[in-house]
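Numbering (the working numbering), first residue to last: 277 to 805. First up is the structure itself, then whatever we jot down about it.
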């Protein structure tokens with residue numbers, strides 16, 4: 277009897293599993309009945325079949341940017357059906373057998389947001405709540421790993437304390453695919469190759485996989501110089517990797533099988549000069565690239581109209597002469613596909629030189645270096661620069677990020693030079709001096725610069741604030757070199773961490789104290805998705 281009961285239970289479970297199959301069908305049909313949404317099923321971020329049964333292996337009930345979603349229901353798949361997320365129409369990819377729909381979440385989702393997914397047909401409407409899960413990604417080159425945190429279901433905690441760690445030797449630059457849900461990561465590939473080339477890998481990481489992010493592909497390639505920056509063209513068909521002296525091109529038309537296409541050596545001013553390219557941005561929808569030549573205070577404009585054959589079309593100065601200001605980084609303006617910002621000032625290489633000169637009793641340089649921002653715009657195949665926006669005197673900028681509204685955030689180390697200059701032998705002077713000491717102790721800064729040139733202090737910290745990231749509706753997140761104190765035995769340590777502004781700290785690991793001294797080997801790159 278027990279055996280018969282067990283067989284009956286197994287039969288029921290088997291039939292329910294068979295009934296749970298989701299089959300992709302053509303989009304459209306007559307509006308036969310009122311739409312009814314039963315549930316949403318996440319399907320991962322990789323390619324789905326053009327027809328037939330959909331794979332549910334990666335379904336975990338969490339919806340991330342760029343993930344495929346099956347909307348199960350009846351009466352949804354009609355000729356005139358519209359799908360809206362919070363009132364904004366989203367493309368429908370196909371139908372689901374039985375009357376459902378197949379669509380893909382946008383790449384740029386809001387932070388910890390519950391969308392209202394609404395379907396409208398000639399026969400009526402129905403809606404369901406779609407909560408998204410956001411990801412925080414960070415590269416830890418010294419730890420040989422890529423870290424991924426997911427947003428926490430707890431209201432008071434922004435991200436889960438535990439991260440997903442992917443083995444990634446010497447992890448370098450990474451970029452989010454234009455469709456979302458896939459991350460391309462550059463990593464060390466092992467032994468050096470002949471003729472001075474070094475081996476690297478381009479890894480494809482599936483962010484929408486079940487429970488944890490997973491590496492799904494890896495392509496080997498060689499370059500002469502270390503990788504610096506990686507970007508993916510708008511259509512997602514090609515990726516571009518900037519090294520200290522080259523531009524490498526990858527075919528990404530198949531996310532799971534990326535291919536190395538070409539390697540273009542970038543020009544230097546003289547045969548004896550070492551290349552020093554440091555940042556890469558794409559303009560004009562990906563048909564042009566701009567790379568920063570740090571030592572020479574210039575940017576190169578590169579024609580990408582034929583992605584497999586990049587060609588340098590011009591070199592343009594970033595602003596003042598190299599003796600007065602130094603190029604540090606560039607970032608694209610999200611409000612204008614043809615514009616970028618250049619961060620200038622005293623960079624870490626010059627700090628090292630000046631410290632060396634000071635200890636060697638060499639005369640101090642009489643030239644004052646002032647940090648600033650220069651906006652450049654692509655006009656008729658020429659990069660045109662506007663006048664600089666000055667940052668406060670005494671700021672040594674480290675990096676920049678452009679927000680959706682056009683504001684520029686600049687991370688920096690600063691000291692209160694102007695405050696000290698105003699102190700005097702009075703109560704007010706003493707108070708000014710105390711404020712100056714306090715401000716110099718808390719030297720970590722993030723400045724906010726508005727498009728019209730107003731500068732304000734966004735964050736002040738005793739720690740070094742490095743790479744920054746933020747998405748719509750979310751807090752500012754930044755990687756830090758933090759001071760940590762042990763009392764038994766007494767010691768001061770430096771900890772690599774990620775800070776969520778005014779709410780959470782995610783420690784990564786301890787560092788050697790000399791990591792906070794210039795020049796910096798790396799700044800841990802972060803991204804919020």
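Glycine included, C-beta positions come from ideal geometry on N, C-alpha and C. None of these values were measured; they are calculated from a predicted model.
Residue 441 to residue 423, Cα distance in whole Å?
Between residue 441 and residue 423, the C-alpha separation is close to 5 Å.
Is it a yes or a no for the region 504 to 523 touching the region 484 to 495, going by three-plus beta-carbon pairs under 8 Å?
Flag = no, the region 504 to 523 and the region 484 to 495 do not touch.
First and last residue of the beta strand (DSSP E) that includes residue 383?
Careful: residue 383 lies outside any beta strand (DSSP E) and carries neither H nor E.
Looking at the unbroken beta strand (DSSP E) that takes in residue 452, where does it start and where does it end?
Element bounds for residue 452: 450 to 452.
Can you tell me which residues form a DSSP beta bridge with residue 892?
A query on residue 892 cannot be resolved here, the shown segment of the chain reaching from 277 to 805 and no further.
From the DSSP secondary-structure annotation, give me the bridge partner or partners of residue 540.
For residue 540, which the question treats as bridged, DSSP gives the partners 523.
Should the region 377 to 395 be called in touch with the region 335 to 352, which here means at least 3 C-beta pairs below 8 Å?
Yes, since at least three Cβ pairs between the region 377 to 395 and the region 335 to 352 fall closer than 8 Å, the two stretches touch.
Going by C-alpha to C-alpha distance, which of 334, 679, 333, 616 sits closest to residue 662?
Nearest neighbour of residue 662 by Cα position, chosen from 334, 679, 333, 616, turns out to be 616.
By how many angstroms is the C-alpha of residue 675 removed from the C-alpha of residue 363?
C-alpha of residue 363 to C-alpha of residue 675: approximately 36 Å in a straight line.
Other residues of its chain near residue 462: CB distance less than 8 Å, five sequence neighbours each side excluded:
Excluding residues up to 5 positions away in sequence, 447, 448, 449, 450, 476, 477, 478, 479, 503, 506, 517 lie with their Cβ nearer than 8 Å to the Cβ of residue 462 in the same chain.
Answer with buried or exposed for residue 738, where buried requires no fewer than 16 other C-beta atoms within 10 angstroms of its C-beta.
That one is exposed.
Indicate whether the contact test is met: 3 or more Cβ pairs, each with one atom in the region 345 to 360 and one in the region 303 to 321, closer than 8 Å.
Because the criterion of three Cβ pairs below 8 Å is met, the region 345 to 360 and the region 303 to 321 touch.
Is residue 295 buried or exposed, if buried means 16 or more other CB atoms sit within 10 Å of its CB?
For residue 295, the predicted structure reports a pLDDT of 48, less than 50, and the residue's modelled location is therefore unreliable. A value from the coordinates is still provided. The residue is exposed, with fewer than 16 neighbouring Cβ atoms inside 10 Å.
I need the DSSP call for residue 407, collapsed to helix, strand or coil.
DSSP places residue 407 in strand when its eight states are reduced to three.
Return helix, strand or coil for residue 694, following the three-state DSSP convention.
Reliability fails at residue 694, whose pLDDT of 44 lies under 50, so the model's placement of it is uncertain and the value that follows must be treated cautiously. Here residue 694 sits in helix by DSSP.
Can you grab the Cα-Cα spacing for the pair residue 323 / residue 572, in whole Å?
So the two alpha carbons sit approximately 43 Å from each other.
Selected residue, minimal CA-CA separation from residue 540, among 579, 365, 586
If you compare the alpha carbons of 579, 365, 586 with that of residue 540, the shortest gap goes to 586.
So, at 6 Å on beta carbons, what are the nonlocal neighbours of residue 555 in its own chain, with the 5 sequence-adjacent residues on each side left out?
Listed in chain order, the non-local C-beta contacts of residue 555 below 6 Å within the same chain comprise 505, 568, 605, 606, local neighbours out to five positions each way being set aside.
Output the distance between the C-alpha atoms of residue 537 and residue 458, rounded to the nearest integer angstrom.
Roughly 20 Å separates the two Cα atoms.
Buried versus exposed, by CB contacts within 10 Å (16 or more), residue 531
Residue 531 sits buried, since 16 or more C-beta atoms from the chains shown fall within 10 Å of its C-beta.
Around the C-beta of residue 453, are 16 or more other C-beta atoms found within 10 angstroms, so that it is buried, or is it exposed?
Residue 453 is buried by the Cβ-count criterion.
Find out if the Cβ-Cβ distance for the pair residue 659, residue 566 is shorter than 8 Å.
Going by C-beta atoms, residue 659 is nearer than 8 Å to residue 566.
Hey, how far is the Cα of residue 584 from the Cα of residue 384?
Looking at the two C-alpha atoms, the distance is approximately 28 Å.
Going by beta-carbon coordinates alone, are residue 648 and residue 670 separated by less than 8 Å?
The answer is no: Cβ separation not under 8 Å.
Helix, strand or coil at residue 730 according to DSSP, with G and I counted as helix
In this structure, residue 730 counts as coil in the three-state DSSP scheme.
Please list, in chain order, all residues of the same chain as residue 654 whose beta carbon is under 6 Å from its beta carbon, the five residues on each side excluded.
The residues are 559, 614.
Contacting residues, own chain, Cβ-Cβ under 6 Å from residue 334 (five flanking each side not counted)
The residues are 320, 485, 486.
Rounded to the nearest angstrom, what separates residue 694 and residue 668 at their Cα positions?
Low confidence applies here, because residue 694 scores a pLDDT of 44, under 50, leaving its location unreliable; read the following figure in that light. If you take the alpha carbons of residue 694 and residue 668, they lie about 9 Å apart.
Residue 414 burial status per 10 Å Cβ neighbour count (16 or more: buried)
With 16 or more neighbouring CB atoms inside 10 Å of its own CB, residue 414 falls in the buried class.
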